[in-house]
Amino acid sequence: MADFSAAVYQNEFLPDGGTDVHAIVTIECSGAGTAGQTGSGAAGEIIIIDTSGSMGQSAMAAAKHAAQAAVNEIVDGTYFAVISGNGAAFLAYPLVNSGPAMVPMSDATRAEAIDAISRLRSGGGTEISTWLDMAGVLFTSVPQVIQRHAILLTDGENNEPDQVLDEAIARATGYYQCDCRGVGVDWKVEEIRRIAQALLGTVDIIPSEAQMAAEFEAMMQKSMARGVADAQLRVWTPQGAQILFVRQVSPTVEDLTSRRTAVNDLTGAYPTGAWADESRDYHVAIRLAAKDVGQEQLAARVQLAIGEEVKAQGLVKAKWSDDSELTTRIDQQVAHYTGQTELAEAIQEGLAAKAAGNEELATTKLGRAVQLAKETGNDEATSKLRKVVDIDDEDAGTVRLKKSVEKADEMALDTASTKTTRVRK
Amino acid sequence: MTPDAPAATPTLTASEANPLDEVSPISAVTVRPGDRPAVEADRAPCLQCGGVVDDDGYCTQCGTKAPSPRDHFEEQPAPWVAGVCDRGIRHTRNEDAMALAVDGERAVLVVCDGVSNCVDSDVASLAAAKAALDVLRPPLPKGLGVPESVAAAVTKVFTDAAAAGNKAVLETVHDDVPNPPSCTFVAAVLEGTTVHYCGIGDSRVYLLPDAGGGQILTVDDSMAQVLIMGGTPRAEAEASKQAHSITKWLGKDSPDVVPRVGQVEVTGPGWLLACSDGLWNYASEPDALQAQLQAAGSSEPHAIATHLVAFANKSGGQDNITVALARVGQRPVEEVSTSSTSDSSTVGNNAAPDGGESHG
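As given, the protein sequences belong to chains H and S, one line each in that order. Those letters in the first sequence? Residues 1 to 425, per our numbering, in order. Those letters in the second sequence? Residues 1 to 360, per our numbering, in order.
Set out below in structure tokens:
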């Protein structure tokens, strides 16, 4: 059985009249076990491969190889299926016309699936909404599967109105999780990130075909290590308090604020998906009515719950003090993640401005990103930024946009923008 | 009291356990897995909103921290004697203490105020108050009958009580504590129409008749008092910078623990009040306190003590507040003392804490 623990990092002291409490809550999971093997229910994996006409011969070969590598990582007993997607979605494996559309993994089904994947051909357009919907239908056909995860590979822009895709995303949200990967440079980061964020997954670029199999293998291994099928972050706040935001800030920045569902009048639940043995950080900001100096109160109870069972709880406190030495400190974790969140925004806004031809704004935003990456010790962001801008002064954030930039580098910067580092050791 | 040290900074014990904290010294883990719940079972409802208090020690509705039994306690050993001891608003713990006893027509009020920049002063002050009360429980000696010998015998008892309090303070602390705990000490013993009293530090005993002028019976051992002796008006002296530095106290580094002793005859109905500076900071002159007794609108000591504490909190609650009251001269009509011996029975939810184990 998995164990969860919670630790709270904050400066609980507020000045006279102070109202806003910030805290980083670290939730750590251990003993998670393996997906579908903990007795709480079966796990299901769906591999979605883009087989649109834009996938050239070598890309198609690499994608098939990657899908086969992923199939090899699926633990025996896990229900699985393979979808081939272009202008519509096709069930590539298992080859059934009715009844359960996912089969448990075994030596036999693994061999069948690998064979089925090898027969895929490319052609047609890219309508991702149909892929997402089919994945939902497949999961529905095996009700014993309670942990639902998909891997989606695409190489091109979606040929549907935004609204059509968004509606499909909404149908999938809260039902299954999906990690997304783009191959090549013809897909749109923003589009695929929308899917991944809503479906509690990751998004990344696979710059070269050769890296595809390794990436798929790794993604599937990670998914198989998630022995906790689903958990919620619960936040209790006192009567009259206002939640300013709830964000996951590590390993990536994901704003959860709008994804609250009410547990009761004072408690809201935020989705966190499945858990492996891992640690995640959440930034919680609460606004309270100020109390007299010397008073203490609880600003939030931050809990990790599986079903109705609370597995771990962290207390976020507020103590009003007139000692400015106490009240003016900013907790280092809070400061760090505040910077990392701004870094993600600066990168995304800078790249958007650049794409829109607003070089001045792009220069300012990416300059700020360089500065924040330095301040918060995010070396990965710094090295990715270096491929897009020439840095004159890292501390001051003075940069020039590079004359010619590899599209893949820009996309890599974009997809990695939400990745955070922990406090520098 | 001596000027307050800044509120104690949280102990950063997290550094051994979490490597992150080595580089984030202000980032303290406030809750760890396996931490004991902050309060025991049988919790009283939230004082703020009446909501249920959770195992974690905070209200499930408004989040207010439930006071520990040490933060706020009340005693009423007889219908005509009551006391309230409260953390106040600005301090993070209650270092005041009181101990009351009634035996027939006899009442004993003891108040101690822990010095706020010392270690464990909350434990020390409560231990001192209880130890001193035990010495003052038996009737005071009558000596050989002549006033001088009575005075000498009573002085000896009060000196013993102070010594017992001092011993109790010393016993709460290890030798190597850099800032050993200390506290003030006042005691008032009402026997018939005579009030015997003594004091060390700046807690006070007042006699406040229903009609006519009241008086401060004790003389503070404080810098303010030094100024007053030198001719500075009381209000000005008590507002001066060093006013709250005390010149005598109970505790390890005390120069002298012999209290100043006195006695006074009660001539009419009124109240005997023992209190800490958390109260008299906001009403030092007897007439100001008499006005608050009036404002309480009650003849019942527990209600009046509660009112006086609320008054001090409303005025800022800068320090811990202790109010102990005994009716003198005449019992309120509705109350007839029946029991011959009664000890400190408790009032309300907060029983007197024992030994200070429950603090913090």
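Note that beta-carbon positions come from the ideal geometry of N, C-alpha and C, so glycine has one too.
Just to confirm the assignment, what range does the alpha helix (DSSP H) spanning residue i have?
| i | result |
| --- | --- |
| Y337/H | 332-355 |
| K319/H | Taken as a continuous stretch (DSSP letters only), K319/H belongs to no alpha helix (DSSP H), being part of the beta strand (DSSP E) at 309-320. |
| A381/H | 379-386 |
| W131/H | 128-140 |
| V71/H | 57-73 |
| G85/H | Unbroken run through G85/H is the beta strand (DSSP E), 79-85; no alpha helix (DSSP H). |
| D107/H | 107-118 |
| I304/S | 301-314 |
| I169/H | 162-172 |
| A296/S | 286-296 |
Is residue i helix, strand or coil by DSSP?
| i | result |
| --- | --- |
| R327/S | strand |
| E217/H | helix |
| Q295/H | coil |
| M229/S | helix |
| S182/S | strand |
| M1/H | coil |
| E325/H | helix |
| G50/S | coil |
| G201/H | coil |
| W80/S | coil |
| L256/H | coil |
| S279/H | strand |
| G278/S | helix |
| E394/H | coil |
| E406/H | coil |
| P69/S | coil |
| S250/H | strand |
| E12/H | coil |
| Q61/S | coil |
| S223/H | helix |
| Q37/H | coil |
| Q371/H | helix |
Over what stretch of residues does the beta strand (DSSP E) that includes residue i continue unbroken?
| i | result |
| --- | --- |
| Q147/H | 145-154 |
| N264/H | 261-264 |
| Q211/H | Q211/H -> no beta strand (DSSP E), and no H or E assigned at all. |
| V111/S | 106-113 |
| S30/H | 20-30 |
| E265/S | 260-265 |
| I48/H | 42-50 |
Nearest CA to the CA of residue i: which residue from the options?
| i | options | result |
| --- | --- | --- |
| A168/H | S279/H, V405/H, I195/H | I195/H |
| D220/S | I200/S, D210/S, P209/S | I200/S |
| T306/S | A168/S, L293/S, G316/S | L293/S |
| S404/H | D390/H, A88/H, T415/H, S417/H | D390/H |
| C275/S | L289/S, P269/S, V266/S | L289/S |
| L315/H | D54/S, L47/S, V111/S, P45/S | D54/S |
| S417/H | T364/H, E375/H, K402/H, G350/H | G350/H |
| Q37/H | V8/H, Y79/H, D50/H, E112/H | Y79/H |
| V142/H | P94/H, G182/H, V185/H | P94/H |
| T19/H | R226/H, C180/H, Q242/H | Q242/H |
| A61/H | S208/H, R368/H, P271/H | S208/H |
| K419/H | P271/H, D204/H, N72/H, A6/H | D204/H |
| G184/H | R193/H, M134/H, G397/H, Q211/H | Q211/H |
| G262/S | T232/S, V189/S, A127/S, D175/S | V189/S |
| E308/H | V263/H, A299/H, A396/H | V263/H |
| P15/H | R329/H, E375/H, A356/H | R329/H |
When the cut-off is 8 Å and only beta carbons count, does residue i lie next to chain B?
| i | result |
| --- | --- |
| Q177/H | Within the model displayed, chain B is absent; protein chains H and S are what it includes. |
Can you round the beta-carbon distance between residue i and residue j to whole angstroms, since I take them to be within the 8 Å contact cut?
| i | j | result |
| --- | --- | --- |
| W131/H | G85/H | 4 Å |
| P180/S | D253/S | 6 Å |
| R171/H | D133/H | 7 Å |
| E75/S | A82/S | 7 Å |
| I114/H | V71/H | 6 Å |
| R327/S | W271/S | 6 Å |
Hey, is residue i close to the ligand ADP, as in C-beta under 7 Å from one of its heavy atoms?
| i | result |
| --- | --- |
| E160/H | Ligands displayed in this structure: none; no statement on the ligand ADP is therefore possible. |
| Is the region 285-294 of chain H touching the region 26-45 of chain H in the sense that three or more CB pairs, one from each, lie closer than 8 Å? | Contact between the region 26-45 of chain H and the region 285-294 of chain H is absent: fewer than 3 CB-CB pairs across the two stretches fall below 8 Å.
| request: Examine the Cβ distances between the region 216-232 of chain H and the region 242-255 of chain H and report whether three or more of them are shorter than 8 Å. | output: Verdict: no, contact absent.
| Are three or more beta carbon pairs between the region 78-93 of chain S and the region 308-319 of chain S nearer than 8 Å? | Yes, the region 78-93 of chain S touches the region 308-319 of chain S.
| At least 3 beta-carbon pairs within less than 8 Å: the region 209-220 of chain S vs the region 122-138 of chain S | Fewer than three beta-carbon pairs drawn from the region 209-220 of chain S and the region 122-138 of chain S are found closer than 8 Å, and the two stretches are therefore not classed as touching.
| request: Evaluate contact between the region 256-275 of chain S and the region 235-246 of chain S, counting only Cβ atoms and requiring at least three cross-stretch pairs below 8 Å. | output: The region 256-275 of chain S is not in contact with the region 235-246 of chain S.
| Does the pairing of the region 222-236 of chain S with the region 113-133 of chain S give three or more beta-carbon distances under 8 Å? | Short answer: they don't touch.
| request: Give a yes or no on contact between the region 23-31 of chain H and the region 340-347 of chain H, applying the rule of three or more CB pairs nearer than 8 Å. | output: With the cut-off at 8 Å, the region 23-31 of chain H and the region 340-347 of chain H do not touch.
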